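Numbering (the working numbering), first residue to last: 1023 to 1602.
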């Protein structure tokens, strides 16, 4: 490992101390620049590790930055330093850290992520009078085509909820909808009863605490003196207010690219990055304009799109001189979606195992080198996934979107459906279980009679539990299906094991918001999956371990952010249906 940016970083003291705006185009090596900058701040004794804060957009990005910083410092100092006192993580987690340190009552609170909050909302939907909320919304707005009503209602409610919390508005004075006022107040009351905090509440309370308590604010400023904010174009107003408070607008390095702002629908304010130079004093600006990841045709195609953005920061995106070859970039039109699916499958089959040059090294393409990117996995991916499954090309959902449609998880859900008897009018008899057994994917290997009797035994166990653990029931099902067998853990089954692990995470997300679950609660879990989970996980962050699985990566546009693949497919780039 070498210091790619050391000459630049040591050319001017303002690179290491003071306000810095790093305009980093796609593929320009911003993480390397940031990690080298932090390492040099420590090596030159400009900053101590416990004075440094680096905000990342996701926990995955935080882990990558921590690894890079450790490696760079070790290279400079010759030993592995203790950087445990340095904060590298998300803004909301930092705000939670402040609350728990300075307001003792919050040490007993838990932080709910977006999926956990949705699971919590589903548990109190009768308390917030979801039907009243539905009727109020449908009388004023048109539900998008293809969305189930309850999921759409929760989505609209959460967006408005976050806006009110982050802005600090008085719901009784500002809100015009009685149904929203009621749901808002009940939600906050139930969250308080359970000692839960969502991201918006954490950030709002942290900002209010710092503004109303000068001693706490000064203590935070004395402790933390150097700030880096990654993906600055995606920062929302409450986060910007927190950054300004804790930093006093001193020693702030913001890193981002206005052309890569893709979270405005979540409240991100692109004006933060566009106006940073005028809002913060004595800002030094540095541009990383060379795309080191892509060849010239990719860079040119990208420029043709983003140069239409207005307004935008001045920058000149360049390629690093990597010339493209015929076939590197396709723009194709198909008569039908089936033809498009077939072409993608054939292209993967054609390219797998061919030689590929990466960082000067020649290697063969593997399935994990291929990515297929969708606007929504829940709405658009199924025909392509079916085509890949038909020829046994392994796939993995790097976000978790689509997880519930995989053969292995689908079978688990059907077993849960049998145990809970979820649907009136369905015959949950031996024939139902026989149908599940017939489609059990490899390496599930169990006789039909043992499978049927085993599922019935688990059902009897579940009915007898006063307080049921879904995770425990899931473990019993996996044990029945032979998860402990050595053949289960061979490399060829890594995708299946990965998906089973991700489903376990989904169960945990659901259970964490509930004190306990009864037998009847199994139905509630399944309805949560049907109505909310797939769409919610679809927009979730990319899992940090997905790329380690040798399988074609299925991702959303938001899930691909910050990732790179040798081969990428962007299907379905036609004008969407007018009613979608």
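Here a beta-carbon is modelled for each residue, glycine too, at the ideal position from N, C-alpha and C. It should be emphasised that the depicted structure is a prediction, and the values quoted were computed from it without experimental measurement.
* Rounded C-alpha distance that separates residue 1044 from residue 1231 -> If you number the chain shown from 1, residue 1044 lands on position 22. If you number the chain shown from 1, residue 1231 lands on position 209. Looking at the two C-alpha atoms, the distance is approximately 30 Å.
* Report the partner residues of residue 1075 according to the DSSP bridge assignment. => For the purposes of this step, residue 1075 is identified with residue 53 of the chain shown, where counting begins at 1. Residue 1075 pairs with 1109 and 1249.
* **Assigned secondary structure, residue 1499 (DSSP; H/G/I helix, E/B strand, else coil)** => The residue you call residue 1499 lines up with position 477 of the chain shown. Helix at residue 1499.
* Run through DSSP, which three-state label would residue 1460 get? -> Indexing the chain shown from 1 puts residue 1460 at position 438. Helix.
* Going by the CB atoms, is the gap between residue 1503 and residue 1551 shorter than 8 Å? -> Counting from one through the chain shown, the residue named residue 1551 turns up at place 529. Counting from one through the chain shown, the residue named residue 1503 turns up at place 481. Cβ distance not < 8 Å, so residue 1551 and residue 1503 don't count as in contact.
* Can you say whether residue 1173 is buried or exposed, counting buried as having 16 or more other CB atoms within 10 angstroms of its CB? => What you label residue 1173 is simply residue 151 of the chain shown in a count that begins at 1. By the neighbour-count rule (16 or more Cβ atoms within 10 Å), residue 1173 is buried.
* Asked: Terminal residues of the continuous alpha helix (DSSP H) containing residue 1527?
  -> The residue given as residue 1527 occupies position 505 in the chain shown. From DSSP, the alpha helix (DSSP H) with residue 1527 extends over 1516-1533.
* Might you give, ordered along the chain, the residues of its own chain that have their beta carbon closer than 6 Å to the beta carbon of residue 1429, omitting 5 neighbours on each side? => Within the chain shown, residue 1429 is the residue found at index 407, counting from 1. Cβ neighbours of residue 1429 beyond the five flanking positions: 1463.
* To do: Pull up the distance between the alpha-carbon of residue 1182 and that of residue 1165, whole angstroms please.
  => Residue 1182 sits at position 160 when you count from the first residue of the chain shown. Residue 1165 sits at position 143 when you count from the first residue of the chain shown. Approximately 16 Å between the Cα atoms of the pair.
* How would you call residue 1465, buried or exposed, if buried means at least 16 neighbouring beta carbons within 10 angstroms? -> Locating residue 1465 in the chain shown gives position 443, counting from the first residue. It is buried - the Cβ of residue 1465 has at least 16 other Cβ atoms within 10 Å.
* Which residue comes first and which comes last in the alpha helix (DSSP H) that contains residue 1363? -> By 1-based counting over the chain shown, the position of residue 1363 is 341. From DSSP, the alpha helix (DSSP H) with residue 1363 extends over 1359-1373.
* To do: For residue 1410, I'd like the list of residues in its chain whose CB is within less than 7 Å of its CB, leaving aside the five on either flank, ordered along the chain.
  => Along the chain shown, read from residue 1 onward, the residue named residue 1410 stands at position 388. 1367, 1417 and 1574, listed in sequence order.
* Alpha-carbon spacing of residue 1056 relative to residue 1343, whole angstroms -> Against the chain shown, residue 1056 aligns to sequence position 34. Against the chain shown, residue 1343 aligns to sequence position 321. Approximately 24 Å, taken between the alpha carbons.
* **Per DSSP, the bridge partner or partners of residue 1133** => Walking along the chain shown from the start, residue 1133 turns up at place 111. Answer is 1219.
* **Identified DSSP bridge partners for residue 1278** => Locating residue 1278 in the chain shown gives position 256, where the first residue counts as 1. Note: residue 1278 sits in a beta bridge opposite 1045.
* In three-state terms, what does DSSP make of residue 1379? -> Against the chain shown, residue 1379 aligns to sequence position 357. In the structure shown, residue 1379 sits in a strand (DSSP, three-state: E or B).
* Quick one: measure Cβ to Cβ for residue 1268 and residue 1242, integer angstroms, because I've assumed they're closer than 8 Å. => On the chain shown, residue 1268 is found 246 positions in, with the first residue counted as 1. On the chain shown, residue 1242 is found 220 positions in, with the first residue counted as 1. Correct: roughly 5 Å between the Cβ atoms.
* Below 8 Å between beta carbons: does that hold for residue 1290 and residue 1258? -> On the chain shown, position 268 is the one that residue 1290 refers to. On the chain shown, position 236 is the one that residue 1258 refers to. Yes.
* Quick one: residues in its chain with C-beta nearer than 6 Å to the C-beta of residue 1128, no 5 flanking neighbours on either side, listed in chain order? => As a working note, residue 1128 is residue 106 in the chain shown. Taken in chain order, the residues that qualify are 1121 and 1122.
* Using 10 angstroms around the beta-carbon of residue 1087, count the other beta-carbons present and answer buried if the total reaches 16, otherwise exposed. => As a first step, residue 1087 is located in the chain shown; it is residue number 65 there, counting from the start. So residue 1087 counts as buried.
* Asked: With respect to the alpha helix (DSSP H) encompassing residue 1299, which residues constitute its N-terminal and C-terminal limits?
  -> Numbered from 1 along the chain shown, position 277 holds the residue referred to as residue 1299. 1298-1301 is the span of the alpha helix (DSSP H), which, as asked, contains residue 1299.
* Asked: Exposed or buried, what is residue 1586 when buried is set at 16 or more other beta-carbons lying within 10 Å of its beta-carbon?
  -> Taking the chain shown and counting its residues from 1, one reaches residue 1586 at position 564. Its Cβ having fewer than 16 others within 10 Å, residue 1586 is exposed.
* To do: Measure from the alpha carbon of residue 1149 to the alpha carbon of each residue in 1337, 1210 and 1293, then state which is nearest.
  => What you label residue 1149 is simply residue 127 of the chain shown in a count that begins at 1. Ranking 1337, 1210 and 1293 by Cα distance to residue 1149 puts 1210 first.
* **Simplified DSSP state of residue 1575, which is helix, strand or coil** => Locating residue 1575 in the chain shown gives position 553, counting from the first residue. In this structure, residue 1575 counts as strand in the three-state DSSP scheme.
* To do: Give the secondary structure of residue 1592 by DSSP, where H, G and I count as helix, E and B as strand, and everything else as coil.
  => Against the chain shown, residue 1592 aligns to sequence position 570. Looking at residue 1592 - three-state DSSP - the assignment turns out to be coil, as it is neither helix nor strand.
* Touching by the beta-carbon criterion (3+ pairs, under 8 Å), the region 1391-1403 and the region 1483-1498 -> no
* Asked: How about residue 1436 and residue 1458: are their beta carbons less than 8 Å apart?
  -> Taking the chain shown and counting its residues from 1, one reaches residue 1436 at position 414. Taking the chain shown and counting its residues from 1, one reaches residue 1458 at position 436. Yes, the pair counts as a contact, with Cβ atoms nearer than the cut-off.
* **Inter-residue Cα distance where the pair is residue 1563 and residue 1433** => Within the chain shown, numbered from 1, the residue matching residue 1563 stands at position 541. Within the chain shown, numbered from 1, the residue matching residue 1433 stands at position 411. Residue placement at residue 1563 is flagged as unreliable, the pLDDT there being 42, under the threshold of 50; the coordinate-derived value follows with that caveat. Straight-line Cα distance between these residues: approximately 25 Å.
* **Nearest neighbour of residue 1425, chosen from 1443, 1523 and 1449 [CA to CA]** => The residue given as residue 1425 occupies position 403 in the chain shown. Residue 1425 has its Cα closest to that of 1523, out of 1443, 1523 and 1449.
* Asked: Run through DSSP, which three-state label would residue 1396 get?
  -> To locate residue 1396, count along the chain shown from 1; it is residue 374. Residue state, collapsed to three classes: strand.
* For residue 1419, is the classification buried or exposed, using 16 other Cβ atoms within 10 angstroms of its Cβ as the cut-off for buried? -> Position 397 of the chain shown, counted from the first residue, corresponds to residue 1419. When all chains shown are included, residue 1419 counts as buried.
* **Contact belief for residue 1395 with residue 1579 at Cβ below 8 Å, rounded distance in angstroms** => For the purposes of this step, residue 1395 is taken as residue 373 along the chain shown, with counting starting at 1. For the purposes of this step, residue 1579 is taken as residue 557 along the chain shown, with counting starting at 1. With 8 Å as the limit, residue 1395 and residue 1579 qualify as a contact, their Cβ atoms being about 6 Å apart.
* To do: Reducing DSSP to helix, strand and coil, say where residue 1313 ends up.
  => In the chain shown, residue 1313 corresponds to position 291, counting from 1. Residue 1313 falls in the strand class under three-state DSSP.
* Under the three-state reduction of DSSP, which class applies to residue 1334: helix, strand or coil? -> Taking the chain shown and counting its residues from 1, the one referred to as residue 1334 is at position 312. Reduced to three states, the DSSP call for residue 1334 is coil.
* Beta-carbon spacing of residue 1405, residue 1359 below 8 Å -> For the purposes of this step, residue 1405 is taken as the residue at position 383 of the chain shown. For the purposes of this step, residue 1359 is taken as the residue at position 337 of the chain shown. Result yes, Cβ atoms of residue 1405 and residue 1359 sit closer than 8 Å.
* What's the gap between the Cα of residue 1520 and the Cα of residue 1571? -> In the chain shown, counting from the first residue as 1, residue 1520 sits at position 498. In the chain shown, counting from the first residue as 1, residue 1571 sits at position 549. About 8 Å.
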